[in-house]
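Here is the structure we will look at.
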Amino acid sequence: MNRAFSQLSKRVIGCAVEVHRVLGPGLLESTYQQCLAREFDVNNIRYVWAHPLAVEYKGIFLDCAYRIDFFVEDAIILKLKAVEALLKIHEIQLLTYLKLSGAKQGLLLNFNVEQLKLGVESFVL
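To convert a position in the sequence shown, counted from 1, into the working numbering, add 5.
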């Protein structure tokens, strides 16, 4: 699996770094989501917040109430966390979202770290 950073992902990470720089760690994921949405607006980055994700099961699409934290520029799925440590399940969830959506790139961002660069994982299928 390629873990490269695209130009768009660098812009997205830059927005996340700015949010983290201003707020720091220790807040709820919902706070980081709202502030990141504002940062995307300021930087003219298109996104859908809480993007619905249907599950295809045997040729039928089912609304199972999954929501992608952010779907950016119809290209990158973001999964935001504010946890002590990222777990394998967080990575698996993101990879499953990529598979279900057909998107090729995902970012897992954990805001509960001293420096955001320590909480960024990129996945490219």
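For each residue, glycine too, the CB sits at the ideal point set by N, CA and C.
Runs of the beta strand (DSSP E) lying entirely within the segment 68–117, each at least 3 residues long, are 81–86, 110–115 in chain order.
Close CB contacts of residue 74 within its chain, under the 6 Å cut and outside five residues either way in sequence, are with 83, 84, 85 (chain order).
If the five residues before and after residue 51 are omitted, its C-beta is found closer than 6 Å to the C-beta atoms of 78, all from its own chain and listed in chain order. Setting aside the 5 residues that flank it on each side, residue 36 has no residue in the same chain whose C-beta is closer than 6 Å to its C-beta. With contacts defined as CB atoms closer than 8 Å, residue 14 and residue 127 qualify as a contacting pair. Residue 32 and residue 117 have their C-alpha atoms roughly 8 Å apart. Just measuring C-alpha positions, the residue of 26, 12, 123 sitting nearest residue 89 is 123.
Going by DSSP, residue 35 is part of no beta strand (DSSP E) but of the alpha helix (DSSP H) stretching over 34–47.
Rounded to the nearest angstrom, the gap between the Cα atoms of residue 53 and residue 76 is 5 Å. About 7 Å separates the beta carbons of residue 125 and residue 112, which is inside the 8 Å limit, making them a contact pair.
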